[in-house]
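These notes concern the structure reproduced below.
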Amino acid sequence: MFRRNIYKWHRWVSVIVAVPVLLWAVSGFLHPVMTNVRPQIASQVLPVERIDSGYIKMPLAQVLKQNGIDSLYSVRIIHIDTSWFYQVKTNAAGRLEYFSALNGNRLKRGDWLYAQYLAKYFLEGVKHDSLTIHKQKPANEPVSQDCCDAATDCVMNASGAEVANVALVTEFNEEYKPNNRLLPVYCVSFNRPDGIRIYVETGQSRFSAAIDDKRALFTRFFSLVHTWGWLSFLGPGRLIVEVVLMLLSLATTIMGLYIFFISKAPQANSNGIGKARRRHRFTALLASLFTLMFSISGGWHVLSHFTEEKAAVTKQYGLPASDVKINLEQWQTFAKGKLSNIGLAYIEGKFYWQLYLMPEFTGPTGKDLMTSRSVAAKPVMYIDSYDNTVLPVGDETYARSLAAALSGYKRSEQVAAVPVTKFNSEYSFIDKRLPVWRIDYGNKVFYIETSTATLAKKLTASGRYEERCFAFLHKHHFMDFAGKAWRDGSTMLGAGLQILMVVVGLILYFRWRNRKRRPVV
286 MFRRNIYKWH
296 RWVSVIVAVP
306 VLLWAVSGFL
316 HPVMTNVRPQ
326 IASQVLPVER
336 IDSGYIKMPL
346 AQVLKQNGID
356 SLYSVRIIHI
366 DTSWFYQVKT
376 NAAGRLEYFS
386 ALNGNRLKRG
396 DWLYAQYLAK
406 YFLEGVKHDS
416 LTIHKQKPAN
426 EPVSQDCCDA
436 ATDCVMNASG
446 AEVANVALVT
456 EFNEEYKPNN
466 RLLPVYCVSF
476 NRPDGIRIYV
486 ETGQSRFSAA
496 IDDKRALFTR
506 FFSLVHTWGW
516 LSFLGPGRLI
526 VEVVLMLLSL
536 ATTIMGLYIF
546 FISKAPQANS
556 NGIGKARRRH
566 RFTALLASLF
576 TLMFSISGGW
586 HVLSHFTEEK
596 AAVTKQYGLP
606 ASDVKINLEQ
616 WQTFAKGKLS
626 NIGLAYIEGK
636 FYWQLYLMPE
646 FTGPTGKDLM
656 TSRSVAAKPV
666 MYIDSYDNTV
676 LPVGDETYAR
686 SLAAALSGYK
696 RSEQVAAVPV
706 TKFNSEYSFI
716 DKRLPVWRID
726 YGNKVFYIET
736 STATLAKKLT
746 ASGRYEERCF
756 AFLHKHHFMD
766 FAGKAWRDGS
776 TMLGAGLQIL
786 MVVVGLILYF
796 RWRNRKRRPV
806 V
């Protein structure tokens, strides 16, 4: 009785999940294609450059005073072609402003211009040595044009692809989805046949995404077919539907395996239904391992989304402009001439200057983060803003301090702090930010980006297991040792077997149904 019923249950549950599994499998099969057929851009990384003191004529304190700025929340030094600027945030929620490092003048629409400059670099790379002229031109050469006008002219009259539109993005949307992580960003659209859009984060001179019309279409297809965005109107109900279908998929796979081991295969010379059963029997056996992997990891992953994922949290404090005493000459002395950028940190009641140094590795760097999956560590010193003393192990101290402030847990509860410069199964490419610190509280883990004072990711014990399960079983990161091509091949093999299993199973079902409908003679 049980055997007869399990055949019936397996048949009808399989019919229910056939189309959903087919949709998931087809989109899953195409996903590696999507990740490989990407818009071609020159680079995803802006090269680290040594700051030449000859181009920084006005001290930061004087710039702030000249522009009536009474507090400082963040500061960096950037350049647009040969013009150098202080990039500052003057309040916690404010936009970035740009002031000339030569004369302190404010660059109008500075963030808007810098976004285009970055996007052009990421898309096309160096044009006419625009990023290296400042290395060749003597620093003491008289300035014939105001640097703000020069920077504006450089961006607005640049050669190459024409910028069609620039838009500030402060929320995730249908094209720029939450898995891109970074906000706010600028979407810089180019007037090209492929309609390419480059998303950049100006606050860290960082590439976020490149999307052309083809990739946007494919992303839309994946959203509809794989993650079932068309059910978004149900709210959390969409997740419930997906979990139920994955549980049914898991159940019918287990029933199918049970049937396989308790029954014998039909003879090869049997009738049409017997042959169909024989084919389905062996294709399903091959596919069942992948079905179990996909359904278990996928179901657990969907369940984890019932708790709404919060955006990255940043903790910044304002340093009174009157307390800005240090100047670039002092910074260069601390950095021994290797200064590449600056920053501001607040650690347990004190402000510190972050002095970023040139990395020790001077060879070629990877330009594709998806391929290299790692970045060079950022050597950084922490200088007390009051007495100019150096804070030992400053970056780790800051990471631990931020983790305590952003998590609500005591610093004394921290088990370990480890720098992370490479993506892995727990902190993957989708998390975007590198380098970060992994602060371990035992049952919880916090990833901290010290350059932005941001909590990049939070994981509970169950969340850590879910992340690893999804990475290994769903995205086949167990094949990482062989490289991305083999991992993609493994994913496509698993998805392809799902398609074959469903198609052969449906053929068997319709043959069985047609035979049942035939009149008995």
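Residue 610 in the numbering used here sits at position 325 of the sequence shown, and the numbers go up by one each step. All C-beta atoms, glycine included, are put in the ideal place defined by N, C-alpha and C.
When burial is assigned at 16 or more other CB atoms within 10 Å of the CB, is G851 buried or exposed?
-> Since the displayed the chain opens at 286 and closes at 806, residue 851 lies outside it and no answer follows.
When L719, N728 and D498 are compared against W662, the one with the closest alpha-carbon | The residue you asked about is not Trp; residue 662 is Ala in the sequence shown. Nearest of L719, N728 and D498 to A662, Cα basis: L719.
Considering L381, what are the terminal residues of the beta strand (DSSP E) in which it resides?
-> L381 to S385
What does R482 pair with, by DSSP beta-bridge criteria?
-> S474 and I496
Starting from the Cα of N709, find the closest Cα among L654, G514, V298 and V665 and give me that residue.
-> L654
Could you spell out the range, first to last residue, of the beta strand (DSSP E) harbouring W722?
-> V721 to D725
Between the region 691 to 699 and the region 635 to 644, are three or more C-beta pairs nearer than 8 Å?
-> no
Just reading off the alpha helix (DSSP H) that E681 is part of, what are its end residues?
-> G679 to S692
Minimum C-alpha distance to A346 - residue among A606, G313 and K462 | Selected option, being the one with the closest Cα: A606.
Spatial distance of A597 from N464 (CA atoms) = 12 Å
When DSSP labels each residue in this structure, what does L403 get in the three-state scheme?
-> L403 falls in the helix class under three-state DSSP.
Using the beta-carbon count (16 or more within 10 Å), is E527 buried or exposed?
-> buried
Could you have a look at L532 and say whether DSSP puts it in helix, strand or coil?
-> helix
What did DSSP end up calling R466 once you bin it into helix, strand or coil?
-> coil
Segments of 4+ residues assigned as alpha helix (DSSP H) that fall wholly inside the region 573 to 636 = 613 to 620
Using the Cα positions of M764 and L778, report the straight-line distance between them to the nearest angstrom.
-> 13 Å
Should A436 and L398 be called a contact, given that it needs their Cβ atoms to be closer than 8 Å?
-> yes
Contacts around K405, its chain only, beta-carbon distance under 7 Å, and the 5 residues preceding and following it disregarded | A443 and G445
Length at least 3, wholly inside the region 298 to 374: the beta strand (DSSP E) runs in chain order = 359 to 365 and 368 to 374
Local Cβ density within 10 Å of R482, reported as buried at 16 or more and exposed below that | buried
Once you ignore the five residues that flank A690 on each side, which residues in its own chain have a CB closer than 6 Å to its CB?
-> K600
Rounded separation between C432 and L516 - CA only = Between C432 and L516, the C-alpha separation is close to 52 Å.
So the alpha helix (DSSP H) Y750 belongs to, where does it begin and stop?
-> A746 to C754 is the span of the alpha helix (DSSP H), which, as asked, contains Y750.
Per DSSP, M829 forms a beta bridge with which residues?
-> Any property of residue 829 remains undetermined from this structure, which presents the chain solely from 286 to 806.
Taking 7 Å as the line, does the beta carbon of S736 fall inside it for any heavy atom of the ligand MG?
-> Looking for the ligand MG in the displayed structure turns up nothing, as the structure carries no ligands at all.
Between the C-alpha atoms of G522 and L532, what's the straight-line distance to the nearest angstrom?
-> G522 and L532: Cα-Cα distance of roughly 15 Å.
Helix, strand or coil for K743 per DSSP?
-> strand
Please classify L408: is it buried, with 16 or more other beta-carbons within 10 angstroms of its beta-carbon, or exposed?
-> buried
In the structure shown, what three-state DSSP assignment does P664 receive?
-> Note: P664 maps to coil in three-state DSSP.
Give the secondary structure of D669 by DSSP, where H, G and I count as helix, E and B as strand, and everything else as coil.
-> strand
Under 8 Å, do K717 and R658 count as touching if we go by C-beta distance?
-> No, the pair does not count as a contact, with Cβ atoms beyond the cut-off.
I547 and R288: beta carbons closer than 8 Å?
-> yes
Who are the Cβ neighbours of G679 in its own chain at under 6 Å, not counting the five residues just before and after it?
-> Apart from sequence neighbours up to five positions away, the residues of its chain that approach G679 with a beta-carbon distance below 6 Å are Y667, ordered along the chain.
Can you tell me which of the three DSSP states E456 falls into?
-> coil
Is L416 buried or exposed, if buried means 16 or more other CB atoms sit within 10 Å of its CB?
-> A caution first: L416 carries a pLDDT of 43, below 50, which makes its placement in the model too unreliable to give a value.
If you run the structure through DSSP and keep just helix, strand and coil, what is P644?
-> coil
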